[in-house]
Structures are given as C-alpha cells and as structure tokens.
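>
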Amino acid sequence: MRMILIGPPGAGKGTQAESLVGSFKIPHISSGDMLRGAVKAGTELGLLADRYMKAGDLVPDEVVIGMIIERIGAADCARGFMLDGFPRTRPQAEALDAALKAARVSLDAVVLIEVPDGLILERITGRRSDPETGAIYHLKFKPPPPELEGRLVQRKDDTAEACVARLDKYHRETAPIVPFYEGAGVLVRVDGVGSPDEVFVRISAALGAAPAR
Ligand code: ADP
Ligand code: ADP
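Just so you know, we're using the working numbering here: the sequence shown kicks off at 19 and counts up by one.
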C-alpha cells in the first residue's frame with residue numbers, strides 16, 4: 019500500500035497515521051517529524067529548515083524533495099509507505115510522481131482529511147506530544163494520561179500566529195495538489211470532523227479495509 023495523507027495543519031494526519039500504519043504494516047513517513055529530527059540533531063538541513071518552520075513557512079521544495087525521495091527508496095518502503103505532510107506543493111507532487119514512475123510503482127490512495135478552518139486553531143494550540151514515544155495528544159480532545167502530563171511538549175510552531183501562517187500556506191500552496199490527485203483518480207475525501215476514532219473508521223471504510231480496532 020502506497021498512500022498519502024493530506025489536509026490542513028491540525029487535520030489529524032499524524033493521529034490517523036499512527037492508527038493506520040498498524041493496520042497496513044507500512045512505515046509512517048512524516049516530513050514534519052523528519053525535519054524536526056534534523057533541527058534537533060543540528061544537521062545542516064535542520065539549521066536551514068528551522069527558521070522556515072518557526073515562522074510557519076514551507077521549507078524550500080528542493081530540500082524536502084531530496085529528503086523524502088531518499089527515504090522512500092529505503093528497503094523498508096519496498097512494500098509501501100504512508101506519507102504524511104508530503105507533498106505540500108505542486109512541484110513536490112510532480113517530483114514524487116516522477117520518482118514513483120522511475121521505480122515503476124504507483125500510488126494506491128491519497129486521503130484528503132477535510133476540516134473547516136474554524137476548527138483548526140483550537141486543535142493546533144491544544145496539541146501536545148510525548149517526546150519519548152512520539153504519541154500525539156490534545157489537552158481537550160485527546161487528554162493525556164495524568165502520569166505523562168509532565169513530560170509532554172508543545173511544538174514551537176503551534177502558536178496562534180504560526181498556525182494562521184500555516185493555514186494560509188495550506189490554502190495557497192497545498193490545496194492546489196488536490197486536483198492533481200483527483201485527475202489521477204486516486205483521491206479519497208474523508209470528513210475529518212468527529213472523534214479520532216470516527217475519522218479512523220471513515221478512512222478505513224474508504225480504503226476498503228476493515229478497521230483493526
Ligand atoms: P502539521 O502536522 O501541523 O501539518 P507538519 O509537522 O507536517 O505540520 O510540518 C511542520 C512544518 O514543517 C511546516 O509548517 C513546514 O515548515 C515544514 N514542512 C513539513 N513538511 C513540509 C513539506 N512537504 N514541504 C515544505 N515544508 C514542510
Ligand atoms: P496533523 O498531523 O494533521 O497536523 P494531528 O494528528 O497532530 O494533526 O492533530 C492535531 C491535534 O488535534 C492533536 O492535538 C490531536 O490530538 C488533535 N486531533 C486529531 N484528530 C482529532 C479529531 N478527530 N478531533 C479532535 N481533535 C483531534
């Protein structure tokens with residue numbers, strides 16, 4: 019299964035990917051997680067990406083394209099992968115398409131998780147994650163177990179200001195890739211409003227797979 023999750027920031031891509039990779043047994047490749055890892059490790063790529071990410075801007079295409087194309091060429095992706103957060107621009111979608119064609123493979127599905135703008139700010143500002151396990155929580159919608167509360171962290175770009183910038187980037191740069199995948203006949207639209215479990219059931223049904231829980 020080769021699939022992509024797209025949707026605005028805070029749509030629930032990471033949350034759904036956590037559940038879906040368990041069903042499909044494929045690696046979850048999050049461009050945001052990879053970039054945050056590079057920032058933390060202080061690599062050249064991380065140093066470059068950091069200032070874009072803090073401001074809610076997109077990291078330049080050539081940097082992200084190289085990083086992801088290399089990653090999906092790794093042995094653990096031979097049977098499939100779940101991309102989360104990539105592609106985010108039309109040139110990224112075209113570069114991915116070319117790389118898949120060169121490898122003589124194709125995408126099975128591109129899942130678009132649709133959430134209205136009005137719900138995004140609350141999802142983003144309440145997001146917390148566990149640096150040890152990578153698990154994603156929400157102070158109101160997915161409260162963490164009390165014993166973990168002390169170690170949870172908030173992303174640097176999960177401020178109201180950066181959220182507004184990211185949402186604007188989504189509409190201007192990422193939304194135009196939707197018709198690209200619609201034209202290719204692989205787009206699946208899923209309503210992202212409702213509990214994470216409800217959305218998981220909708221995605222699984224749309225993909226024709228029985229939910230694993
Ligand atoms: P969210 O989960 O809120 O959608 P991500 O974790 O996917 O955010 O991405 C965080 C930030 O990392 C983005 O705002 C952007 O700066 C950078 N980033 C992630 N993926 C890409 C990409 N495909 N192209 C350019 N920048 C990216
Ligand atoms: P994305 O990867 O698209 O940016 P996340 O999966 O990180 O989104 O979710 C953003 C925030 O919203 C997290 O705090 C998460 O716990 C919460 N969340 C995810 N799905 C839902 C949902 N269906 N309803 C309410 N909150 C959700």
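Glycine included, each C-beta is placed from N, C-alpha and C at the ideal position.
If we ignore side chains and look at the alpha-carbon of each, how far apart do residue 46 and residue 223 end up?
C-alpha separation (whole angstroms): 20 Å.
> What do you reckon, is the C-beta of residue 159 under 7 Å from a heavy atom of ligand 2?
For ligand 2, at least one heavy atom lies less than 7 Å from the Cβ of residue 159.
> Any chance the CB of residue 75 is under 7 Å from a heavy atom of ligand 1?
Residue 75 Cβ: within cutoff of ligand 1.
> Just reading off the beta strand (DSSP E) that residue 19 is part of, what are its end residues?
Element bounds for residue 19: n/a, residue is neither H nor E.
> Grouping DSSP H, G and I as helix and E and B as strand, with all else coil, what is residue 216?
DSSP places residue 216 in helix when its eight states are reduced to three.
> Applying the 10 Å Cβ sphere with the 16-neighbour rule, what's the burial state of residue 76?
Residue 76 should be labelled buried.
> Between 30, 23 and 51, which has its C-alpha nearest residue 173's C-alpha?
Closest by alpha carbon: 51.
> Whole angstroms are fine: how far does the CA of residue 102 sit from the CA of residue 189?
Cα-Cα distance, rounded: 17 Å.
> Quick check: does the Cβ of residue 49 come within less than 7 Å of any heavy atom belonging to ligand 2?
False, no ligand heavy atom lies under 7 Å from that Cβ.
> Just the C-alpha distance for residue 38 and residue 65, rounded to the nearest angstrom, thanks.
Answer to the nearest angstrom: the Cα atoms are 31 Å apart.
> Contact between the segment 88 to 97 and the segment 160 to 178 is defined here as three or more beta-carbon pairs at a separation below 8 Å; is this criterion met?
Taking 8 Å as the limit for Cβ pairs, the verdict is that the segment 160 to 178 does not touch the segment 88 to 97.
> Cutting at 6 Å between CB atoms, please list the residues of its own chain near residue 229, excluding the five before and the five after it.
Below a pLDDT of 50, predicted positions are generally treated as unreliable, and residue 229, at 47, falls in that range; the measurement from the model is reported next regardless. Within the same chain, residue 229 has close Cβ partners 219 and 222.
> Less than 7 Å separating the Cβ of residue 105 from some heavy atom of ligand 1?
Yes, since a heavy atom of ligand 1 falls inside the 7 Å radius drawn around the Cβ of residue 105.
> Below 8 Å on the Cβ atoms is my contact criterion, and I expect residue 133 with residue 23 to pass it. Report the Cβ-Cβ distance as a whole number of Å.
Not really, about 12 Å apart at Cβ, beyond 8 Å.
> Measuring straight from C-alpha to C-alpha, what distance separates residue 119 and residue 197?
Cα to Cα, residue 119 sits roughly 19 Å from residue 197.
> Are there any heavy atoms of ligand 2 lying less than 7 Å away from the beta-carbon of residue 119, as far as the coordinates show?
It does not: the Cβ of residue 119 is nowhere closer than 7 Å to a heavy atom of ligand 2.
> Return the CA-CA distance between residue 162 and residue 63, expressed in angstroms with no decimal places.
Near 32 Å, if we compare the C-alpha coordinates of residue 63 and residue 162.
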